[in-house]
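Undergrad: Here it is, the structure in full.
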Amino acid sequence: MSGQASSKDSTANQNPAVSRETVSRETGGEVDTPIAIAAERASQVLTPGGTGALPRPAQRRILTVANQKGGVGKTTSTVNLAAALALHGLSVLVIDLDPQGNASTALGIDHRSGVPSVYEMLLGEVGLREAIAESPNNKGLYCVPATLDLAGAEIELVSMVARENRLRNAIDDAVLDEYGIDYVLIDCPPSLGLLTINAMVAAREVLIPIQCEYYALEGVSQLLRNIELVQSHLNKELFVSTILLTMYDGRTKLADQVADEVRKYFGDKVLSTVIPRSVKVSEAPGFAMTIIGYDPGSRGAMSYLDAGRELAHRGGQQ
């Protein structure tokens, strides 16, 4: 017995990480390996109430998720942050303002042509009550879908009275109160056109996803100028509340350099949580799911859960 103990001690000294895992498994103690930690957090995600509840905001928060650059994780961040907030007991509405309808797809919402959608809402043909639908995979998560009809909406809106206010006027507070909505997240198209302007006029906060890659800040200055114009002429309450770093690859120096540059530029508006580059995150929409539902133990899911928690605790104060 003493020989076996001596051998075990020797192994522990040679490889502490292996010994901790081995001892934990044999003694029934806590397992502190990355796989075990991920499994434990995944089990919490899959257990109703396991992630705990987040505080409800003092007043409903409406955030526009905008960046005119494509491929920065705008839609992915919108649906996964929404899912993270809903998982923590909050009620969230996603308004899909991108004609591609990717947010609607990820949330499992029917967005075939003819379905009541944000397009009809903008034109005043249907109200929010008719267009809203609950995500089948996410309790407390709702969506106003986008159909292909939205592609021509900017041309149709040009000739309309108060064209920049169409979305704000269509968001019915009474319906939001009825559904108990705490957060409204508006997913914008990758442009600074009339649809994005409508989103900014309807919201109080802007959340900007910025990828940790070359030219990360390219075009952001133009976005900030547009936000200032909207502030001056259409929505004085609008402000940039949150910056989310996406597509972070810790194996490269570039990712750290970009993250540092963004933090220097935007200061404490940048969430401390960064979203890693992940194949799983890209796969999830193909199954009409968010990453939190598709692979709750993945780094991507954990990161969005942490980002959602951080977003909620910040409270949206300017």
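Under the working numbering, the residue at position 256 of the sequence shown is numbered 257, and the numbers go up by one with no gaps.
Every residue, glycine too, gets a C-beta built ideally from N, C-alpha and C.
R62 by DSSP, collapsed to three states: which one?
TA: In the sequence shown, the residue the question calls residue 62 occupies position 61. Correct three-state label for R62: strand.
Undergrad: Going residue by residue through the region 51-134, where are the continuous beta strand (DSSP E) segments of at least 3 residues, counting only ones entirely within it?
TA: Correct list: 62-66, 93-97.
Undergrad: Which of the three DSSP states is assigned to Y216 in this structure?
TA: Locating residue 216 in the sequence shown gives position 215, where the first residue counts as 1. Three-state result, Y216: coil.
Undergrad: Taking the beta carbon of T253 as the centre, do at least 16 other beta carbons fall within 10 Å, making it buried, or is it exposed?
TA: Indexing the sequence shown from 1 puts residue 253 at position 252. Exposed.
Undergrad: Please give the ranges of any beta strand (DSSP E) in the region 257-304, keeping only runs that are unbroken, at least 3 residues long and fully inside the region.
TA: Complete beta strand (DSSP E) runs here, min 3: 271-277.
Undergrad: Between T65 and I156, how many whole angstroms is the CB-CB distance? I'm expecting something under 8 Å.
TA: Along the sequence shown, one-based indexing puts residue 65 at 64. Along the sequence shown, one-based indexing puts residue 156 at 155. Contact doesn't hold; Cβ gap of about 22 Å is too wide.
Undergrad: Just to confirm, is the Cβ distance from L82 to Y249 under 8 Å?
TA: Translated into the one-based positions of the sequence shown, residue 82 becomes position 81. Translated into the one-based positions of the sequence shown, residue 249 becomes position 248. No, the Cβ-Cβ distance between L82 and Y249 is not below 8 Å.
Undergrad: What does a CB cutoff of less than 6 Å around V267 pick up in its chain, not counting 5 residues either side in sequence?
TA: Taking the sequence shown and counting its residues from 1, one reaches residue 267 at position 266. The sequence shown places Phe at residue 267, rather than the Val named in the question. Correct list, in chain order: I244.
Undergrad: Hey, could you find the ends of the alpha helix (DSSP H) V159 is sitting in?
TA: For the purposes of this step, residue 159 is identified with residue 158 of the sequence shown, where counting begins at 1. Start and end: 154-159.
Undergrad: Have a look at G298 and L312 and give me their C-alpha separation to the nearest angstrom.
TA: Position 297 of the sequence shown, counted from the start, is the residue given in the question as residue 298. Position 311 of the sequence shown, counted from the start, is the residue given in the question as residue 312. Rounded to whole angstroms, G298 to L312 spans 21 Å at the Cα level.
Undergrad: Under a three-way DSSP split, which group does E238 fall into?
TA: To locate residue 238, count along the sequence shown from 1; it is residue 237. Three-state DSSP puts E238 in coil, outside helix and strand.
Undergrad: Report yes or no: do the region 56-73 and the region 177-194 share at least 3 C-beta pairs separated by less than 8 Å?
TA: As far as the Cβ criterion goes, the region 56-73 touches the region 177-194, which means the pair count is three or higher.
Undergrad: DSSP three-state label for D183, please.
TA: Here residue 183 is taken as the residue at index 182 of the sequence shown, counted from 1. In this structure, D183 counts as coil in the three-state DSSP scheme.
Undergrad: Can you tell me which of L196, E284, L149 puts its alpha carbon nearest to the alpha carbon of A107?
TA: By one-based count along the sequence shown, residue 107 stands at place 106. Selected option, being the one with the closest Cα: E284.
Undergrad: If I'm right that A308 touches L255 with Cβ under 8 Å, what's the distance once you round it to whole angstroms?
TA: Sequence index remark: in the sequence shown, residue 308 carries index 307 (1-based). Sequence index remark: in the sequence shown, residue 255 carries index 254 (1-based). 21 Å between Cβ atoms; not a contact.
Undergrad: Sort out for me which residues DSSP pairs L246 with in a bridge.
TA: Translated into the one-based positions of the sequence shown, residue 246 becomes position 245. For L246, which the question treats as bridged, DSSP gives the partners I211, V275.
Undergrad: If you run the structure through DSSP and keep just helix, strand and coil, what is L177?
TA: Counting from one through the sequence shown, the residue named residue 177 turns up at place 176. Helix, per DSSP.
Undergrad: Checking 8 Å against the spacing of the C-beta atoms, do A171 and L123 come in under that value?
TA: In the sequence shown, the residue the question calls residue 171 occupies position 170. In the sequence shown, the residue the question calls residue 123 occupies position 122. Yes, these two residues count as a Cβ contact at 8 Å.
Undergrad: Who pairs with C144 in a beta bridge, going by DSSP?
TA: Working through the sequence shown from its first residue, we reach residue 144 at position 143. Looking at the DSSP assignment, C144 forms a beta bridge with V95, A134.
Undergrad: Starting from the Cα of A217, find the closest Cα among E262, A54, V207, T197 and give me that residue.
TA: The residue given as residue 217 occupies position 216 in the sequence shown. Closest option to A217, Cα to Cα, is E262.
Undergrad: When the Cα of I133 is compared with those of L86, P146, E126, which residue comes out closest?
TA: Counting from one through the sequence shown, the residue named residue 133 turns up at place 132. Nearest C-alpha to I133: P146.
Undergrad: Can you check DSSP and say which residues form a bridge with D206?
TA: As a first step, residue 206 is located in the sequence shown; it is residue number 205 there, counting from the start. Checking the sequence, you will find Glu at residue 206 rather than Asp. According to DSSP, E206 bridges with L64, F240.
Undergrad: Since D188 sits in a beta bridge, which residues does DSSP pair it with?
TA: Position 187 of the sequence shown, counted from the start, is the residue given in the question as residue 188. In the DSSP output, where bridge partners are listed per residue, D188 has V66, D97.
Undergrad: Measuring straight from C-alpha to C-alpha, what distance separates R226 and Q212?
TA: For this step, residue 226 is matched to residue 225 along the sequence shown. For this step, residue 212 is matched to residue 211 along the sequence shown. Their Cα atoms are separated by approximately 20 Å.
Undergrad: Identify, in the order they occur along the chain, each residue of the same chain with its Cβ nearer than 8 Å to the Cβ of S113, setting aside the five sequence neighbours on each side.
TA: Translated into the one-based positions of the sequence shown, residue 113 becomes position 112. The displayed chain sequence assigns Arg, not Ser, to residue 113. Same-chain partners within the cutoff: T148.
Undergrad: Tell me whether the beta-carbon of L195 lies closer than 8 Å to the beta-carbon of L224.
TA: The residue labelled residue 195 in the question sits at position 194 within the sequence shown. The residue labelled residue 224 in the question sits at position 223 within the sequence shown. No, these two residues do not count as a Cβ contact at 8 Å.
Undergrad: Would you identify the three-state DSSP class for N166, choosing helix, strand or coil?
TA: Within the sequence shown, numbered from 1, the residue matching residue 166 stands at position 165. Helix, per DSSP.
Undergrad: Alpha carbon to alpha carbon, how far is Y120 from L55?
TA: Counted from its first residue, the sequence shown places residue 120 at position 119. Counted from its first residue, the sequence shown places residue 55 at position 54. Using only the alpha carbons, I get a separation of about 32 Å.
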